[in-house]
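The structure appears below as structure tokens.
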Amino acid sequence: TFTADYVKNSGAKVSGDSGFNLEFATGRTSLPGDWRFAYNYSEVGVDAVLAAFSHDNIELSTNYRLHGFTLAYVPRSHLQVDLLWYHYRSLDPRFVGSLSATDWIDRFRLAFTAAF
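For the sequence shown, my numbering assigns the number 1353 to the initial residue and increments by one for each residue that follows.
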């Protein structure tokens, strides 16, 4: 599958008023034994979205460029395991805070989802 999202904040007061996400995925996660791999690329400006409801898995909720890789597996019915790797850095060094303006940061996440 291919998914594309675009957002523009028409009320923004700075130039970082837009963002996008592109995702390519293959496989599925419907039945036990299923695998799915996904890659996504995102750029989100500092005032593109409301930060309180944006990305919660990295230190930057806005103002980032991100490469994301996901490997998902369904070991049994109603259970899914996801391994995620985020490789990201800030877009605009004026809005970095305590993070380095030019360094890439890596974050790994292991998630278990149970449906009942």
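Positions of the beta carbon are idealized from the N, C-alpha and C atoms, including for glycine.
Whole angstroms are fine: how far does the CA of residue j sit from the CA of residue i?
i: residue 1426; j: residue 1432; result: 5 Å
i: residue 1386; j: residue 1456; result: 32 Å
i: residue 1369; j: residue 1460; result: 28 Å
i: residue 1411; j: residue 1391; result: 20 Å
i: residue 1355; j: residue 1375; result: 5 Å
i: residue 1415; j: residue 1443; result: 5 Å
i: residue 1441; j: residue 1453; result: 7 Å
i: residue 1404; j: residue 1363; result: 17 Å
i: residue 1449; j: residue 1389; result: 33 Å
i: residue 1382; j: residue 1402; result: 32 Å
Of the choices the options, whose alpha-carbon is the least far from that of residue i?
i: residue 1428; options: 1372, 1465, 1459, 1422; result: 1465
i: residue 1372; options: 1382, 1440, 1405, 1360; result: 1360
i: residue 1417; options: 1439, 1389, 1380, 1377; result: 1439
i: residue 1398; options: 1462, 1413, 1405, 1388; result: 1413
i: residue 1434; options: 1453, 1363, 1463, 1382; result: 1463
i: residue 1365; options: 1400, 1383, 1381; result: 1400
i: residue 1468; options: 1430, 1437, 1448; result: 1430
i: residue 1409; options: 1437, 1388, 1402; result: 1437
i: residue 1379; options: 1423, 1449, 1402; result: 1423
i: residue 1447; options: 1396, 1419, 1377, 1384; result: 1396
i: residue 1420; options: 1394, 1367, 1451, 1353; result: 1394
Tell me, which residues are paired with residue i by DSSP?
i: residue 1388; result: 1379, 1424
i: residue 1359; result: 1371
i: residue 1463; result: 1434
Just verifying my parser: in three-state terms, what is the DSSP assignment at residue i?
i: residue 1468; result: coil
Let me know the beta strand (DSSP E) ranges lying completely inside the segment 1397-1458, each 3 residues or longer, listed in chain order.
-> Listed in chain order, they are 1416-1428, 1431-1442.
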